[in-house]
Amino acid sequence: MADTTGTGPLGAFFKGMAVTGRQFIATVFGKGLVTTKYPQEMREKPQRFHGRHVLNRYEDGMEKCIGCELCAGACPARCIYVRGADNPDDRPVSPGERYGFVYEINMLRCIFCGLCVEACPTEAITHTRLFEMSTTNRADAIYTKTELLVDEEGRPNHMFETDRLADFDELGEADGWMRATAPQGRAAYEGQVSWSGSAGVGVRPPEAGQSDLPEEAGEGDGEDRA
Amino acid sequence: MSAADRSMVSLTIDGEAVEAPAGDLLIKAAEDNGAYIPRFCWHPRMNPVGMCRMCLVEIETPRGKAIIPSCMQPVNDGMVVHTESAAAKKAQEGVLEFLLLNHPLDCPVCDKGGECPLQDQTMSYGPGESRFVEEKRHFAKPIPISDLVLLDRERCILCARCTRFSDEISGDPLIEFHHRGGDTQVLTFPDEPFTSYFSGNTVQICPVGALTAVPYRFRARPWDLQVAESTGVVHTEGSRLAVHASQNQVLRFLGVDNGATNQGWLSDKERFGFEFIGSPDRLRTPLIREGSGFREAGWGEALDLAGERLRAVIAEQGGGAVAALGGARGTNEDAYALSKFMRTAADSNNLDAQLGDGLEARFLAGLAGRGRIDDLESARTILLWGPDLKETHPILYLRVRRAAQERGASLVIFHPRRTGLDDRAAHKFTYLPGTGPEVLARFAAGEGEFRAAREAMDEGPLAALVGRPGLAEAPRLAESVAAFARRRGGSILPLVHRGNTFGALDMGAAPDLLPGRVTTATDGSAPDLVAAWGDLPVAPGLDALGIAEAAAAGEIGFLILCGSDPVRDMAGFDGGAALSGAGFVLAIDLFLTDSSRRADVVLPALGFAEKKGTVTNLEGRVQMVNRLVPGPGQARADWSVLDDLSARLGRPIGLASEEDITAEIARVAPAYAGVTWDYLEWEAREGAVVPLEGAVQPLRYEPQHADLNGESVGRESGNFSLHLARTMYDDGVMVRHSPSLSRLAPDAAAYMTPAYAASIGLAEGDEVEVPLVAGAVTLPVRFDPTLHEGAVYVPFNQPGMDIRFGVDGPSGGVS
């Protein structure tokens, strides 16, 4: 039994068990643990995580959505239903003529691709990193403006109000997918604030750091396109 | 003049040798030969103006290459054109960059976004980036220029399509360029809104979102619309239109260019009347009378009740006690079902699609010398003796205006007051209602002031549009005018009111007609019809007025209202008395109207865009109507209701589907032989004018000059002559349930000339009592100096008018 490095059947067995043993020890006593104790603990999610959507507001509380239906048109799963209406003169809901009168997303159909976020001309719809959306009936999976629209402080209306795991503060960070897909995400816009301010978030910090990337450096002259 | 009549010229477009008819504009010749040149201001149905410069192309001239707008350049022999050369591209890019200087790019909130020529052509032909960094021009947005149209001047690119349409096509130049120069903008004149009956067309042809329609504002985006092409049934011209719906809600109609009929235009009533389809007031379930109200019921119970009563009436009083009114608002299939139901199941000839306000049924169905709308294009003279086309036949109005204005026809009009076409008339005669026969006799003889107009009748091809100028006018007068025109070889276009009247009459919805323009089946002219229908009732039937009188006298045991509203829509009779006198009233309707409200059983019907079938226009042109949305609640098509009812009588009419009915019509109705869905959808691009080649039309009715001295009521001393006429917007069912249109109806009033009012001691604003058949009606006096002296004009069926209003002749006394 001394030959543990041989090529016989037993040798291979012990070779494999050695790997298992090392992983076991590393997991129990070291830092190799890959699972978390969900729902007691929440893993930190990546910046570009595609969670449930929110409809944002401007800093003055006006809704960003103008009801243009571009999100619905871009949606490959056809899960968004939008209807626009005239802004009332005395109490406008959004800047301009039109606002989103009806806004519904069927979360059972949504594939969280983010094309709606990409299509939105006013940064009204963005992803959050909230992902707990289980319901006990199908009707509850259709999120209406009540669920989607953030409150005056910019906090999303989460179905589980007492959810101690939902980190509402992480919404203050810029949405990674927006940054990745919008033209402003290009290195040429480094140092410029290109996002409109949002309720609860304020004006997001300017784009930074991308000029370090060698393949992006020196591409175009951003000043002309501002 | 068709392309074949013109000589062809040869030219080279993008290196390809092509031929085009001489006189064609380069932009059209290029498009016909596969080279699309971008454009904003050029429209194939309007004169070119060269405003937008988008269609710049490069041509080779003896002095070298030149950039020219292809919409202003007729083709020449040997012309060499480059539409995609570097120079042409650069010119087009420059024009687009220039057009976008002040364009706000608020595409996400713009109703045109997604179907906008400016968006599309910027993507296809634009430079990609703008060098313009300055502040754009700003205007208040949007401003309402009428009750139906909004104007956003920021988006306008000054192509002049709307102003040219209003000026050249519709003849109400109510919008024009103001503040010429750097601030040029389209505007209405002060205190004069854009109250055109055709304003919706400017919205459709606007190549940007500068003009938008109030009823469609923010209702949908182009990418969530479903579309079906259909045929309008509001007017008798058979306008081709596209129905657009989203989420099963009809949201708009757009005109479709059928060269033979509407040429792309629609009246606002047709275009914005879509609103009634989705009205919350639509009937959703069958209703059965209970005391003074109704209770909702199932189809089975309602049909059982109606069937039981009908069976009893037929058994006790015979088929002569059964009558039906209506059919002119639905499809030919529904009218055929009604006709077959009445003849074979109810054993009665008492049915009429016209409510006493039209012309002789035989005249309309079998008219010899019936013309086509296209005859107006080649006519030298147009005789119009009928209603004001602008109010009742808007598409014919546009076509006649075009004929007089662009094609140089001389227009002769007889009418009791001003009409929309007076400004284009070579001769206009205002006559006193009731004196029509005398005026016609003097005109035919060419006496006095009629001499020049009479001579015009013999100048060349004559087209005559004949109808009743007012509802109080004798119907035979129109036939006399037709007979006069017919003797000069004129082609006749008959004018009646309800959209599918011609289809309904062709399906036999008249006491003396059978499907396929047949008068009696016993003369052997329709053997297939006899074979399919079996024994037909022999007793002569009653027309609408006869039915109403018989019902009021208690002789009608069972009255069917098939989408008709005699209480409001029947001039010359107190419809309410007929409904109270009838033993049992069955209404098949879209809404609870003033008539169906008095029925014993009300059944919900499918309406426009909810059923498929065919309709026939005033030329006899058959076109398809299409289904796009489901009906409300439990509503069903008329034909299937009648089919079920006939089964309850034990005499089933055996109709299975809309397509089967059309096929049955094509089989049994002689004049409709060969008109099937396949033929209409695949062969007849502009509709099929019946009878098709090879088909026989048994009834040929030669219009007769009628001696009207007995019928025409002359003016008695101290009395007035009444001119009772329909207006575009009234208090009819469709307008009333279309919120955008219902507020456009003029108020009820009695119009008279100031001199006549003074002679009977009235001033403007006074109340006058006008005595009529069903009692007097009190109306405020208004002045209309265009009326003939001594005439009183009352617009028919206006909001605020007594609903029992009716007249029997053109005279009455003022008290």
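These protein sequence lines are chains X and F, in that order.
One gets my numbering by counting positions in the first sequence from 1 and adding 399 to each.
One gets my numbering by counting positions in the second sequence from 1 and adding 629 to each.
All residues carry an ideal CB built from backbone N, CA and C; glycine is no exception.
Residue i - containing beta strand (DSSP E), residue span
i: G415(X); result: Segment P408 to F428 is the alpha helix (DSSP H) holding G415(X); no beta strand (DSSP E) there.
i: R482(X); result: I479 to D485
i: L1271(F); result: Not the beta strand (DSSP E): L1271(F) falls in the alpha helix (DSSP H), residues D1267 to R1277.
i: F761(F); result: F761(F) -> no beta strand (DSSP E), and no H or E assigned at all.
i: S1039(F); result: S1039 to H1044
i: K770(F); result: First-last for K770(F): undefined, no H or E at that position.
i: C1191(F); result: F1187 to C1191
i: R918(F); result: L916 to E919
i: Y646(F); result: With the sequence shown as reference, residue 646(F) is identified as Ala, and Tyr is not the correct amino acid for it. Note, A646(F): beta strand (DSSP E), E645 to P650.
Among the options, nearest to residue i - alpha-carbon criterion
i: Q876(F); options: T545(X), R482(X), M532(X) and N556(X); result: R482(X)
i: E1287(F); options: T1305(F), A1300(F), P1281(F) and S1275(F); result: T1305(F)
i: R1030(F); options: E1020(F), R1046(F), D1052(F) and H1044(F); result: D1052(F)
i: V1406(F); options: P773(F), P1424(F), P1414(F) and L779(F); result: P1424(F)
i: G1000(F); options: R1105(F), R1265(F), F1187(F) and A1092(F); result: A1092(F)
i: P677(F); options: D781(F), P756(F) and T792(F); result: T792(F)
i: F818(F); options: Y826(F), E805(F), S828(F) and R809(F); result: E805(F)
i: T973(F); options: I798(F), N1255(F), N830(F) and G1283(F); result: G1283(F)
i: K718(F); options: S753(F), P691(F), R692(F) and A964(F); result: S753(F)
i: F1113(F); options: L787(F), L1013(F) and D740(F); result: L1013(F)
i: D1198(F); options: S639(F), Q1427(F) and N731(F); result: Q1427(F)
i: R456(X); options: G499(X), M441(X), N505(X) and M532(X); result: G499(X)
i: S921(F); options: S1225(F), G902(F), V1318(F) and S714(F); result: S1225(F)
i: D886(F); options: R1314(F), A1378(F) and A1420(F); result: R1314(F)
i: H1417(F); options: A658(F), A1384(F), G1429(F) and E1396(F); result: A1384(F)
i: N705(F); options: A1200(F), D981(F), A646(F) and Y845(F); result: A646(F)
i: A1139(F); options: G1065(F), K969(F), A1180(F) and T1059(F); result: K969(F)
i: I627(F); options: L1373(F), V1421(F), A1377(F) and S1269(F); result: Any property of residue 627(F) remains undetermined from this structure, which presents chain F solely from 630 to 1444.
i: G1036(F); options: G1204(F), T1059(F) and D1004(F); result: It is worth fixing the name first, because residue 1036(F) is Arg in this sequence and not Gly. Among G1204(F), T1059(F) and D1004(F), the Cα nearest to that of R1036(F) is on D1004(F).
Residue i: contacting residues in chain X (beta-carbon distance under 9 Å)
i: F761(F); result: Per Cβ cutoff of 9 Å: no residues; F761(F) is ~13 Å from chain X at best.
i: R850(F); result: C467, E468, L469, A471, G472, V481 and G483
Chain F residues whose Cβ lies nearer than 8 Å to that of residue i
i: C464(X); result: What C464(X) touches in chain F: nothing, since even the nearest Cβ is about 10 Å away.
7 Å Cβ cut-off: residues of chain F touching residue i
i: L469(X); result: P737
Contact under 8 Å by Cβ, residue i with residue j
i: N1484(F); j: R869(F); result: Here chain F comprises residues numbered 630 to 1444, so residue 1484(F) is not present and cannot be evaluated.
i: R1250(F); j: G956(F); result: no
i: M701(F); j: G679(F); result: yes
i: F923(F); j: L912(F); result: no
i: A1302(F); j: L1271(F); result: no
i: A874(F); j: L880(F); result: yes
i: E797(F); j: M675(F); result: yes
i: T914(F); j: P1233(F); result: yes
i: P1123(F); j: L984(F); result: no
i: Y502(X); j: L454(X); result: yes
Beta-carbon neighbours of residue i, restricted to chain X and to distances below 8 Å
i: R846(F); result: D485
i: D853(F); result: E468, A471 and G472
The alpha helix (DSSP H) enclosing residue i, as first and last residue numbers
i: G1369(F); result: The residue you asked about is not Gly; residue 1369(F) is Ser in the sequence shown. Looking at the DSSP string, the run of the alpha helix (DSSP H) that includes S1369(F) is P1368 to S1371.
i: E722(F); result: A715 to L728
i: A1387(F); result: P1383 to S1388
i: Q748(F); result: P746 to Y754
i: L1134(F); result: T1130 to D1135
i: W1162(F); result: P1156 to W1162
i: P1023(F); result: P1023 to Q1034
i: Q833(F); result: S828 to I834
Which of the residues in the segment 519 to 551 of chain X, read from start to end, lie with their CB under 8 Å from any CB of chain F?
Here the close residues are P520 and T521.
For the segment 995 to 1013 of chain F, list every residue whose C-beta sits within 9 Å of some C-beta in chain X, in sequence order.
The residues in question: there are none.
Residues of the segment 474 to 487 of chain X in Cβ contact with chain F at a cutoff of 7 Å, in chain order, please.
For the segment 474 to 487 of chain X, which is checked against every Cβ of chain F, the residues closer than 7 Å are G483, A484 and D485.
If you measure beta-carbon to beta-carbon, which residues of the segment 444 to 455 of chain X are closer than 9 Å to chain F?
Under the 9 Å Cβ criterion, the segment 444 to 455 of chain X contributes no residue.
Near-chain F residues of the segment 492 to 512 of chain X - C-beta to any C-beta below 7 Å
If the cut-off is 7 Å between Cβ atoms, the segment 492 to 512 of chain X has G495, E496 and R497 near chain F.
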